[in-house]
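At position 119 of the sequence shown (counting the first as 1) the number is 119 in the UniProt record's numbering, and the numbers step up by one without a gap.
Every residue gets a Cβ at the ideal spot worked out from N, C-alpha and C, and that includes glycine.
Quantities reported herein were computed from a predicted structural model and do not represent experimental measurements.
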Amino acid sequence: MIKKIGLFLCIGVSVLMSSCKNEEVIPNLDKEVRLNFPFEYWPSNKTQFELSPKYTHLIKFNKTNYSGLTSIKLYSAMATEVVGDTAELELFNITDNTAVANSLLMASTPSLSYQLVQSSNIINELPNKEIDLGIRLKSKKGQFVYARTPVLVLSRN
């Protein structure tokens, strides 16, 4: 009987000790995170960059909040109303009052045919701190140009 109790206690302590081990849990992270600027459609006929309305800004964005990032790209569907015009769109760091380098997107389309355009990898162009981001849009010739649903795509390997 004493042997059975000893064996039972030994097994119990062993199970208890193994269940209390600190295990490193690595969560499954999405390979891609999409941050949409909250507007469906935005026209402009300005020849100087015009900042998107305040309610469309990405507030308190910080790339360091996303572990393991290898790429950040800006995408937008863009169109021109007049053949020969060019729509230009860029990501704007509102906090530091500066355009984000290498984020400029351009499209010249036949009469309101939308074209999906993407930037190069701008991960190194964004600061390692919390910032507010907006979109700026302009027309080369002062005719109406359009941007639809700009999105920042954050990618991990």
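Query	Result
Short Cβ contact (8 Å threshold) for S67 with L105	no
Cβ-based burial, E90 [other Cβ within 10 Å; buried from 16]	buried
Contact the region 40-53 vs the region 108-121: 3+ CB pairs below 8 Å	no
Three-state secondary structure (DSSP) of C20	Residue placement at C20 is poorly supported in this model, since its pLDDT is 45, which falls under 50; the coordinates are not used for a value here.
Between the CA atoms of L69 and K60 - distance to the nearest angstrom	18 Å
Touch test, the region 131-146 against the region 95-109, Cβ-Cβ under 8 Å, three pairs minimum	yes
Segments assigned beta strand (DSSP E), at least 3 residues, entirely inside the region 25-86	32-36, 42-44, 58-61, 69-80
Sequence-distant residues of its chain with Cβ nearer than 7 Å to N36 (five each side left out)	T149, V151
Neighbourhood of I72 by C-beta, 8 Å cutoff - its chain only, sequence neighbours within 5 removed	K63, N121, I122, I123, L126, L152, V153, L154, S155
Check: L29 C-beta below 7 Å from any heavy atom of the ligand PLP	As presented, the structure is devoid of all ligands, the ligand PLP included, so that no description of it is given.
Local Cβ density within 10 Å of D30, reported as buried at 16 or more and exposed below that	exposed
Beta-bridge pairing of S103 - partner residues as DSSP gives them	Answer is none; S103 lacks a bridge partner.
Alpha-carbon to alpha-carbon, Q143 and L81	With the sequence shown as reference, residue 81 is identified as Glu, and Leu is not the correct amino acid for it. Straight-line Cα distance between these residues: approximately 7 Å.
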